[in-house]
Amino acid sequence: MAFDIFWMNVAAVFAIVNVALVFLLLGLYYQSWRRLRSTFTISLMIFAVFFLIQNLVIIIFWYALYGLVPAAEGIVVAAAPYLVVINLMQSVGLGNLVRVTWS
101 MAFDIFWMNV AAVFAIVNVA LVFLLLGLYY QSWRRLRSTF TISLMIFAVF
151 FLIQNLVIII FWYALYGLVP AAEGIVVAAA PYLVVINLMQ SVGLGNLVRV
201 TWS
């Protein structure tokens with residue numbers, strides 16, 4: 101596997117981890133909403149849905165752009181390390197949010 105493709109795959113792995121964390125958050129927020137019926141909890145669920153959409157778009161368009169648009173391959177390869185950092189920071193943030201919400 102080429103080094104440039106490696107970073108693209110690492111970014112995708114973090115995006116998939118983020119999707120799993122967001123689904124977990126949505127489940128926790130839904131349980132909380134069933135108990136409290138709070139508009140704040142609904143707002144948290146909407147916030148989590150936006151994170152879910154963002155990560156799904158990253159996964160889908162990242163591979164579609166890389167696989168279907170050969171002219172964009174250089175842009176995708178150049179952006180991959182930066183996306184790894186962004187997705188890693190998001191994973192850490194979502195992980196902490198899950199930890200705090202769970203307790």
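Each number in this note's numbering comes from the position in the sequence shown (counting from 1) with 100 added on.
Backbone N, C-alpha and C define an ideal beta-carbon position, used for all residues, glycine too.
Secondary structure within the segment 139-199: the alpha helix (DSSP H) runs of 4 or more consecutive residues, fully enclosed, are 139-168 (chain order). Between SER191 and PHE106, the CB-CB gap reaches or exceeds 8 angstroms. CA-to-CA, the gap between LEU165 and VAL176 works out to about 8 angstroms. A residue is called buried when at least 16 other Cβ atoms come within 10 angstroms of its Cβ; LEU136 does not meet this threshold and is exposed. Note that the C-beta distance between LEU144 and TYR129 is below 8 angstroms.
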